[in-house]
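Quick note on my numbering: the sequence shown kicks off at 5 and runs consecutively. For reference, the structure discussed in these notes is given below.
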Amino acid sequence: MLVRRTQPQLPILQLPDENGRDAPQGAQTGGPSRGVPVSAAPASAAAAPVAGRGRGTRSGPSRLLQISAWASFVLNVTIIATGGTVRLTGSGLGCTDWPVCTPGSLVPTPELGIHGIIEFANRTISGPLLVAGILVLVLSWRIRARRSDLLVISAVVLGLVVLQALVGAFVVWFHLNANLVGFHYTVSLVLVCVTAAYLVRMFEDPLPRRVDVPRGFAILTHVTTLFMALTVLFGVLTTGAGPHSGDADVVRDGFDATVLSHVHAWPGYISLALVLALVGWSGVRRLRTLRWSIALLAALLVQIGVGVFQARSGLPPFAVGVHMVLASLTAAAMTVVVLRLKRPAAAAAAAPAGATR
Ligand code: HEM
């Protein structure tokens with residue numbers, strides 16, 4: 005695709021078409037923005053990335069891709085809320101079969117009552133969620149020549165969505181086995197993280213990325229991720245051992261809920277201490293992780309507050325639901341912090357080491 009020629013007498017930089025086919029050598033790795041003659045651009049602009057943060061520019065992600073990617077993220081958070089509602093209202097098996105609701109009906113019958121409607125609503129979300137996932141994959145395929153990273157992430161998302169449909173079926177067929185329910189939730193939480201990663205990468209340049217923070221900081225961030233993952237894992241096991249593991253008659257995961265709740269809280273508090281260290285370090289060194297570390301800290305503080313509240317007040321369903329949804333947003337914020345350890349090579353070269361952006 006040819007760019008609009010503003011000064012035809014000078015060589016014009018061409019950008020790739022949606023398949024990245026007609027870009028001249030070098031155009032995919034850096035160059036001034038569309039329509040700017042190469043020789044007229046200042047040296048720093050020549051080093052600037054092509055498909056930069058690009059919101060609204062013709063080289064950035066298309067509006068449809070942006071909408072689809074956001075929809076994918078939001079729907080994956082939403083389905084955690086609706087799935088949680090199924091669990092917390094005892095509506096598991098509100099639909100007795102899968103993929104149809106009952107052996108003779110696709111939709112809930114009046115006899116299934118409110119539980120049928122709640123579970124069916126949860127299933128219904130998976131429709132638009134699947135459509136958003138497919139759309140993102142198709143649109144990523146169209147720009148695969150310059151954004152193979154986005155294609156890979158979107159394929160992972162779609163793969164996980166399909167896996168979730170199967171796990172959902174097993175949850176029904178195995179009568180809300182608590183371990184399966186917990187696995188179902190965990191995959192959704194991972195999906196929220198991966199769709200968040202897509203959003204971050206979508207607005208970044210399609211260039212090789214390199215670490216842009218001190219090595220110790222990167223290690224500390226990954227250690228924090230590990231403790232947060234342990235917190236989530238033990239949180240899932242705690243829920244599976246308690247009253248909200250499926251419905252009133254469900255087989256629990258067999259662990260002691262009281263012991264587990266402590267084992268769940270410890271890595272949570274360690275994560276808090278580590279995130280405080282990340283915020284402090286980012287602030288002192290003015291790292292590009294600062295803003296998202298603060299967001300992570302805020303999410304974690306609220307999450308811990310809700311966790312302590314629900315533990316002290318007999319696990320009220322609404323608080324447990326908020327705790328489940330917030331866990332996915334906290335994990336997504338952690339994902340963004342991890343992604344901001346690196347930045348596209350050209351941008352890293354142009355900026356002072358570790359500068360906030
Ligand atoms: C970043 C993630 C999370 C953090 C920081 C966190 C933190 C906490 C904290 C501090 C408590 C209070 C524990 C106590 O005082 O005894 C708690 C309770 C609880 N959390 Fe989490 N949590 C997280 C994720 C999760 C997840 C993913 C689940 C399950 C899906 C979960 C389920 C629970 C349950 C069931 C309790 C109540 C335990 C009980 O008293 O029986 N948490 N959480």
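All C-beta atoms, glycine included, are put in the ideal place defined by N, C-alpha and C.
Got a sec: does ligand 1 put a non-hydrogen atom nearer than 6 Å to the Cβ of residue i?
| i | result |
| --- | --- |
| I308 | yes |
| H226 | no |
| G246 | yes |
| A4 | Shown here, the chain extends from 5 to 361; a query on residue 4 therefore has no answer. |
| H119 | no |
| Q314 | yes |
| V236 | yes |
| A337 | no |
| G265 | At residue 265 the sequence reads Ser, which differs from the Gly that was named. Yes, the Cβ of S265 comes within 6 Å of a heavy atom of ligand 1. |
| A299 | no |
| A169 | no |
| T89 | no |
| T334 | yes |
| E311 | It should be noted that the sequence gives Gly, not Glu, for residue 311. G311: yes, Cβ under 6 Å from ligand 1. |
| G94 | no |
| T229 | no |
| T242 | yes |
| H179 | no |
| H188 | no |
| G272 | yes |
| G239 | yes |
| A261 | yes |
Taking the alpha-carbon of residue i as reference, which of the options has the nearest alpha-carbon?
| i | options | result |
| --- | --- | --- |
| F259 | T242, A269, S275 and V341 | T242 |
| A277 | A245, L68 and T228 | T228 |
| L92 | I223, V329, R344 and L141 | V329 |
| V326 | T106, N80 and I84 | I84 |
| L143 | A159, S130, G239 and T128 | A159 |
| T190 | F178, L203, R205 and V171 | V171 |
| F430 | H266, A245 and Y273 | Given that the chain is displayed from residue 5 to residue 361, the structure contains no residue 430 and the question cannot be resolved. |
| I298 | V279, I121 and S275 | V279 |
| A350 | R219, F313 and P210 | P210 |
| L68 | A136, C105 and I118 | A136 |
| I157 | G239, V204, V215 and A245 | V204 |
| F178 | G94, T100 and G287 | T100 |
| I129 | A281, V90 and F238 | V90 |
| G131 | R151, A169, T106 and G96 | A169 |
| T235 | T225, G287 and S275 | S275 |
| L291 | R344, T82 and A173 | R344 |
Indicate the three-state DSSP secondary structure (helix, strand or coil) for residue i in the structure shown.
| i | result |
| --- | --- |
| V215 | strand |
| P107 | coil |
| P132 | helix |
| P247 | coil |
| T65 | Sequence inspection shows Pro at residue 65; the Thr mentioned does not correspond to that position. Coil. |
| P114 | helix |
| R347 | strand |
| R148 | coil |
| H226 | helix |
| C99 | coil |
| T235 | helix |
| L94 | Note on residue identity: the sequence assigns Gly, not Leu, to residue 94. In the structure shown, G94 sits in coil (DSSP, three-state: anything other than H, G, I, E or B). |
| T10 | Confidence at T10 is low in this model, with a pLDDT of 39, below 50, so its placement is unreliable and the value that follows should be read with caution. If DSSP states are grouped into helix, strand and coil, T10 belongs with coil. |
Should residue i and residue j be called a contact, given that it needs their Cβ atoms to be closer than 7 Å?
| i | j | result |
| --- | --- | --- |
| L164 | S72 | no |
| P348 | R213 | yes |
| L184 | V175 | yes |
| A303 | A337 | yes |
| L264 | V283 | no |
| W285 | F207 | no |
| T339 | A200 | yes |
| L162 | L193 | no |
| L79 | L133 | yes |
| A266 | V324 | According to the sequence shown, residue 266 is His rather than Ala. Taking 7 Å as the Cβ cut-off, H266 and V324 do not qualify as a contacting pair. |
| S332 | V196 | yes |
| G87 | N126 | yes |
| K346 | D153 | no |
| A182 | G244 | yes |
| I3 | P112 | Because the chain in this structure spans residues 5 to 361, residue 3 falls outside the shown range and cannot be described. |
Start-end ranges of the alpha helix (DSSP H) lying completely within the segment 249 to 328, minimum 4 residues: 261 to 289 and 294 to 316
Continuous alpha helix (DSSP H) assignments of at least 4 residues falling wholly in the segment 138 to 214: 152 to 177 and 182 to 206
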